[in-house]
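Novice: First the structure, which I've put down as structure tokens, then a few questions once you've had a look.
In this note's numbering, the protein residues as written are 1 to 294.
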């Protein structure tokens, strides 16, 4: 079973970067055309800025002859300052002094950088080598590299996210705002755990979301029934959300497709303390079953 310890996961990630050179490159890069689109200006003006303010830009922005001109995320913040203070008769010295004072590191320009940076960044098309451990406290790598981790890690993450929201709900006089995300996260965690315990083929049978069906498959597979209270609590989720849609959509008809009647939620009360205690015990059960499977 894979450890959830942050230091262990960081070590694995760093080792993977060393072993996979293509993934060593971390920061997104933009060419001249892409930068021009961001600022809605002519490409020649981008090149002019790159030359005029090169002391504040990376070496990629003014490469050797024959190499493509590229801009890092830090470069984008610098150019944002230039753009903001550029006019028909630009004051080069003033802009330069602002950059020397670190104006590009102010929150407004960092926000501009983030708004113009893809959420899901392509590691294979980047040029700045990753340095230090900051990236591992700010985000994660997903995709082929992440898929090496067991599905159980994903199930745990949904449960942990729901636990954190419940913690917030217990401190709030208005728990409703977080209710549906909590129910969805817990339900999805249960679904994933059941599929793992039942050796579900995620590649072939991705359309099955019925907790009732998954519970029945496990009982048939192992020739043993779940204890009464466990099955009842699992079926609670099935009764209220048979198709894994009840906590994702409103209980109303949309303009394009009505919610199935079977997925509508009846009026009922949920005690968050009760819910979390049950989820903790189910989590312990699933973890024990997975450990027994090896």
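Yeah, the Cβ is synthetic: ideal placement off N, Cα and C, and Gly gets one too. Note that the structure is predicted; figures quoted are calculated from it, not measured.
Should the region 158-170 be called in touch with the region 266-276, which here means at least 3 C-beta pairs below 8 angstroms?
Specialist: The region 158-170 is in contact with the region 266-276.
Novice: Taking the DSSP output, what are the residues bridged to residue 70?
Specialist: In DSSP, residue 70 forms a bridge with 31.
Novice: Please classify residue 246 as buried or exposed, where buried requires at least 16 other C-beta atoms within 10 Å of its C-beta.
Specialist: That one is buried.
Novice: Just how far apart, CA to CA, sit residue 36 and residue 46?
Specialist: About 6 angstroms.
Novice: State buried or exposed for residue 97, treating a residue as buried only when at least 16 other CB atoms are found within 10 Å of its CB.
Specialist: Exposed: under 16 other Cβ atoms inside 10 Å.
Novice: Ignore the nearest five residues each way along the sequence and tell me which others in residue 198's own chain have a CB closer than 7 angstroms to its CB.
Specialist: For residue 198, where only same-chain residues beyond five positions count, the Cβ hits under 7 angstroms are 214, 217, 218, 221.
Novice: According to DSSP, is residue 270 part of a helix, a strand, or is it coil?
Specialist: Coil at residue 270, not helix or strand.
Novice: Looking only at its chain, what residues have a beta carbon closer than 7 angstroms to the beta carbon of residue 209, apart from the 5 residues adjacent to it on each side?
Specialist: Excluding sequence neighbours, residue 209 sits near 191, 243, 244.
Novice: DSSP three-state label for residue 49, please.
Specialist: The answer is helix: DSSP assigns residue 49 an H, G or I state.
Novice: Please state the DSSP three-state secondary structure of residue 86.
Specialist: Reduced to three states, the DSSP call for residue 86 is coil.
Novice: Who are the Cβ neighbours of residue 331 in its own chain at under 8 angstroms, not counting the five residues just before and after it?
Specialist: For the chain, the structure presents residues 1 to 294; residue 331 sits outside this window and is missing.
Novice: Whole angstroms are fine: how far does the CA of residue 141 sit from the CA of residue 104?
Specialist: C-alpha separation (whole angstroms): 27 angstroms.
Novice: Using alpha carbons as the reference points, say which of 289, 108, 143, 235 lies closest to residue 122.
Specialist: Of the listed residues, the one whose Cα sits closest to residue 122 is 143.
Novice: Tell whether a beta-carbon distance below 8 angstroms holds between residue 85 and residue 94.
Specialist: The answer is yes: Cβ separation under 8 angstroms.
Novice: Tell me, to the nearest whole angstrom, how far the beta carbon of residue 238 is from that of residue 159; I am working on the premise that it is less than 8 angstroms.
Specialist: Not quite, the Cβ-Cβ distance comes to about 18 angstroms (not below 8 angstroms), so this is no contact.
Novice: Quick one: does the C-beta of residue 169 sit closer than 7 angstroms to a heavy atom of the ligand ZN?
Specialist: The model on display carries no ligand, and the ligand ZN is accordingly not part of it.
Novice: Do you know whose CA, among 151, 281, 107, lies nearest residue 227's CA?
Specialist: Ranking 151, 281, 107 by Cα distance to residue 227 puts 281 first.
Novice: Hey, could you find the ends of the alpha helix (DSSP H) residue 240 is sitting in?
Specialist: Residues 228-240.
Novice: In terms of residue numbering, what span does the alpha helix (DSSP H) encompassing residue 183 cover?
Specialist: That run of the alpha helix (DSSP H) goes 176-197.
Novice: Can residue 114 and residue 77 be called in contact, C-beta distance under 8 angstroms?
Specialist: Their beta carbons are not under 8 angstroms apart, which means residue 114 does not touch residue 77 by this criterion.
Novice: Three-state secondary structure (DSSP) at residue 212?
Specialist: Note: residue 212 maps to helix in three-state DSSP.
Novice: Using a threshold of 8 angstroms, state whether the C-beta atoms of residue 32 and residue 43 are closer than that.
Specialist: Cβ distance < 8 angstroms, so residue 32 and residue 43 count as in contact.
Novice: With distances taken Cα to Cα, identify the nearest neighbour of residue 100 among 139, 64, 57, 157.
Specialist: The residue with the shortest Cα to Cα distance from residue 100 is 57.
Novice: Excluding the 5 residues preceding and the 5 following residue 38 in the sequence, name in chain order all residues of the same chain whose CB lies nearer than 8 angstroms to its CB.
Specialist: So the list reads 30, 76, 116, once near-sequence residues are dropped.
Novice: Does DSSP put residue 109 in a helix, a strand or coil?
Specialist: Of the three classes helix, strand and coil, the one that applies to residue 109 here is helix, per DSSP.
Novice: Got a sec, what are the start and stop residues for the alpha helix (DSSP H) residue 98 sits in?
Specialist: Counting along the chain, the alpha helix (DSSP H) containing residue 98 begins and ends at 92-100.
Novice: How many Å lie between residue 139 and residue 161 at the Cα?
Specialist: If I take the Cα positions, the gap works out to 15 angstroms.
Novice: From this set, 111, 204, 223, 248, which residue's C-alpha is nearest residue 185's C-alpha?
Specialist: If we check each option's Cα against that of residue 185, 248 comes out closest.
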